[in-house]
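Down below is the structure, laid out as structure tokens.
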Amino acid sequence: MLDSNTEENPILEVENLKISFTSDGARHIAVNGLSYKLAKGETLGIVGESGSGKSVSSMALLKLVPTPPGIYESGQVKFDGQNQNLLDLNESEIRKYRGKEIAMIFQEPMTSLNPSHKCGRQVAEMLELHTDWDRHKIKLEVLNLFEKVQLPDPNRIYKSYPHQLSGGQLQRVMIAMAISCKPKILIADEPTTALDVTVQKVIIDLLIDLNRENGNSTIFITHDLGVINQIADMVLVMQKGEVMEYGPIDEVFNNPKHPYTKGLLACRPPLDRRYSRLPIVGDFVSMDESKHEAYVTSLIQSDDTYQSHLQDLDQNPIILEAKNIKKYYPSKTNFFGKPTEFVKAVDDVSFALRKGESIGLVGESGCGKSTLGRVLLCLDQATSGSAIFEGKDLFSMGKKKLRDLRKDFQIIFQDPYSSLNPRMTVGEAIMEPLTVHNLYRNRAERKEKVIDLLEKVGMEPDHFKRYPHQFSGGQRQRICIARSLGLNPKFILCDESVSALDVSVQAQVLNLLQDLKDEFDLSYIFISHDLSVIKFIADRVMVMQNGKIVERGDVESVINNPTQAYTQMLIDSIPR
Amino acid sequence: MKSLFYTFLSSILVLVSAVVLISSIIYLAPVDPARLTFGQRTDGGALERKQAELFLDKPLHIQMLYYLNDISPVGYGDGVRYKSKGIPYYKPFVAEYSSGVLFKIPYFRESFQSGRSVSALLIDAIPKTIILAITAMMIAIFFGVILGIIAALVKDSLLDQVILSVSVLGISVPSYVSAIILALVFGFLFRDYTGLNLQGSIFDINDIGDEVIVWKNLILPAIALGVRPLAIITQLMRSSLLDILTQDYMRTAKAKGLTFKKVVINHAVKNSLNPVFTAVTGWFASLLAGAFFVENVFNFKGVGGLTVNALINYDIPVLLGCVIFVCIVFIGINILVDYGYRIFDPKVRG
């Protein structure tokens, strides 16, 4: 990474950028007075929670914020020492900068590529647009780019459609597209948030390498300070459209001035210590600075407490026992539609969950962890095996009995945006399972219970009548949690329940889940690709690879002394 | 994707059920087809002979089995009837005059009305209807997609409102109404300017008795038939494109530096055609239903005209022949939809 002089030679100068949005006649400010300078070859990390204006401010550099509803209120964006303000350019003038001078990589590689064009063509289009090369030369260059971003078998990728590739591969295609015209600035907007931690590490390493090789400047946007640490030279922390802190990476990390930055740094679950509760950003901001250290220390759980907790768990009865569960999907069928080959999504998995225990199930996407979860809850039929829930075999049970039993085990999904019906008020959504299972005597009593639940998950009683779109991702996940708690379940399956949330929100939701576990005497199976989350929430962990459990044990010993290379890789890829 | 074998088997099943259902409705009507073939004056003996020839003296289910046996390419019998009607058949296992399994060209019997073979009538009529249907559909797709794109791009403007309102009108007007209006206005009132005929088929007989192709007779029926699908495609295309324009990859395309025109044409249109394609293929089949009325209005002698005539005259073999043809078209299109998806949506291709 370069340590050049920002004052002399900035490639980009942003001054007092102010952007607002209008909705229903009201105007709210998304970015308020943002100023920074980006030196040649430098990597600037912009950090903030969702809604902090970090993405909008970067899209604005290329005038990609749609107007309306967006309004460029004021500000100067100067590129490469030119006197021209990019914000004053019209559509056809700014187009010359897009892709050629400043290129972007987006968050969701799966949806950011056109599903009906081949990957090669989508990259080639960029070169066709900005160079006058012939087709043959362009194709060679695209293959060359694919090689550069370390895609296996460039010829195959060239001819592949996006749905045929994995998320990590698609993000490499996006990167290849972005660097194809050798832009002077690369804007990476949460490029790894939608990816597994293992893939995230590889993508970040790739970006660092490319940066070094091409000498371009990078703006790296993320909600996760841990990621920034690996890649950036300068950090800019944003909250609600305003700059909280701006400075060299070492300074911000070792000596954060703003309590908000301190909170962000602390709230990511660490691997080297065990918290009983995670520190919360809000607590840092509201607390006097001198108390910060004592606050963090008070949350740490000692190893003795953990060990005695494990011993206590061993006394508890087994609530759910999985025996030799297998789930095969047919991958090839013969002429008569009969399957001839199978994909072994879950291959002979057995384990026991005790009352009050949380088991973490960790692995990369596609390892079968979600399928195992679905099979356990009888949302999918197992190929063979059995699941004994309080002495009764779920798989051989009649449909009616199973339906009655369903209130004892609940699930919280990954995406709080799509798992709530947008046309149902929050109250109705939480009340629905109560009505279905005919709990409580009448509507009034149910409503009372719902309001009680809303308060339990840290929401207000008057949220009852509101609709999901009025809430943030973290609040929605709280609503989903309230919904599953309503039936007084004995066991909850959390399927990547915090993966879609910002780290700061993730800490709050994890704390909530931890509190509820004690209060309601719950047992969890917690599915995640992130071992640091598992370390905080789980007592024991199972590491899953290709449908098999490759390693299991209590969280501390697995993380401190992993026996499998795969587990070690999962640990190494966690940003810190 | 279902296996080819399954698709084939279920198609045959659908076809047989359709024939059974339709023919039972027709045969249950209190009309004696044998008497229809003779007109007013006949003696009892001739009538009975005719009834026996048409198997009308047999119970209904036996009649049905005989009919199914006739139209199936693999049947059972001695083949004498087929020989007398000039239907080629091949009976490999048994002697010439004994009954056995035989392979043949499907035999649809003869029209009660004209005595011509139903196969010949259909072969005559099918190309006309196919030409009409394809022309109508091309008009509908071409203008529907273009109007849909325009409406989506100028969303909420006056032009968008106009296109939407007119398309609602187009959906609600039945094809026989639009057919009559079109025929009256362009084939009668403004005939001097348009030079179009009020009625007429695409293959006509000229003054010296030769068959000639009269392309202009295709214009009005095709438009009349295309109005409804055109209106539907316009609306589908509009909403589909509006949806696609909010997708993440539109932002990517814009960030590449593409012009708005290229973003729309290269990235949005093909993706938004997918739901439109599904609807169009579905409508292509129901289009044939509209063709029945339109062909009747314009006296366009395709399958639609043939069917309506057969219904009026109680010409059962012709009617059943037409029904089977329509069934085959529906089934064929549904299979094509499954495969056609793969062209437009690479995800289905796997």
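Residue numbers (our numbering), protein chains in the order written: chain A, 1 to 576; chain B, 577 to 926. From the three backbone atoms N, C-alpha and C, an ideal C-beta is built for every residue, glycine too. None of these values were measured; they are calculated from a predicted model.
DSSP places V541 of chain A within a strand segment (E or B) once states are collapsed to three. If you draw a straight line from the Cα of D283 of chain A to the Cα of G263 of chain A, it is about 8 Å long. Under DSSP, I717 of chain B takes part in no beta bridge, so it has no partner.
Only residues of its own chain outside the window of five on either side were considered, and among them L723 and A727 have a CB closer than 6 Å to the CB of I739 of chain B, listed in chain order.
A direct Cα-to-Cα measurement between S23 of chain A and M110 of chain A gives close to 29 Å. Interface annotation, K832 of chain B: in contact with chain A, CB-CB separation under 7 Å. Considering only A:K37, A:N16, A:G33 and A:R156, the residue with the shortest C-alpha distance to N9 of chain A is A:K37.
Note: R27 of chain A is bridge-paired with A:T22 in the DSSP secondary-structure output.
Going by C-alpha positions, A610 of chain B is about 21 Å away from A696 of chain B.
The straight-line gap separating the alpha-carbon atoms of K731 of chain B and D768 of chain B is approximately 40 Å.
No Cβ-Cβ contact shorter than 7 Å links F719 of chain B with L817 of chain B. Put simply, the backbone Cα of F836 of chain B is about 7 Å away from that of K830 of chain B. Here D393 of chain A is bridged, per DSSP, to A:I388. The DSSP-derived three-state label of A194 of chain A is coil. If you check each beta-carbon in the region 886-915 of chain B against every beta-carbon of chain A, none falls closer than 9 Å. In the DSSP assignment, G553 of chain A is bridged to A:V541.
Counting every other CB atom within 10 Å of its CB across the protein chains shown gives D495 of chain A a total of 16 or more, marking it as buried. A:V14 is the residue among A:A500, A:T261, A:D224 and A:V14 whose C-alpha sits nearest the C-alpha of D80 of chain A. Taking 3 residues as the minimum length, the beta strand (DSSP E) runs contained wholly in the region 435-515 of chain A are 491-495, in order along the chain. Contact between the region 375-392 of chain A and the region 532-545 of chain A is absent: fewer than three C-beta pairs spanning the two stretches fall below 8 Å. Across the structure, N847 of chain B and I820 of chain B are spaced so that their CA atoms are roughly 7 Å apart.
A294 of chain A sits in a helix when the DSSP states are folded into three classes. Between S20 of chain A and I187 of chain A, the C-beta spacing is not below 7 Å. Three or more beta-carbon pairs separated by less than 8 Å link the region 107-121 of chain A to the region 160-172 of chain A, which places the two stretches in contact. If you keep only unbroken beta strand (DSSP E) runs of at least 3 residues inside the region 583-665 of chain B, you get 650-653.
For the pair L278 of chain A and A444 of chain A, the CB atoms are not nearer than the 7 Å cut-off. Taking C-beta atoms under 8 Å as the contact rule, R268 of chain A and Y306 of chain A fail to qualify, at a distance of about 20 Å. Beta-bridge annotation (DSSP): M287 of chain A is not paired with any residue.
The beta-carbon of T822 of chain B is placed no less than 7 Å from the nearest beta-carbon of chain A.
Contact of H637 of chain B with chain A is not assigned, every C-beta pair being separated by 7 Å or more. Bridge pairing for S748 of chain B: absent [DSSP].
Closer than 7 Å to the CB of S116 of chain A there is at least one CB belonging to chain B.
Shortest Cα-Cα distance from K490 of chain A to any of A:S532, A:D408 and A:D452 involves A:D408.
Under the Cβ criterion (8 Å, minimum of three pairs), the region 81-100 of chain A counts as touching the region 58-68 of chain A.
Distances from the alpha-carbon of R423 of chain A to those of A:P433, A:K465, A:G391 and A:F389 put A:K465 closest. Nearest neighbour of D347 of chain A by Cα position, chosen from A:E341, A:E364 and A:G368, turns out to be A:G368.
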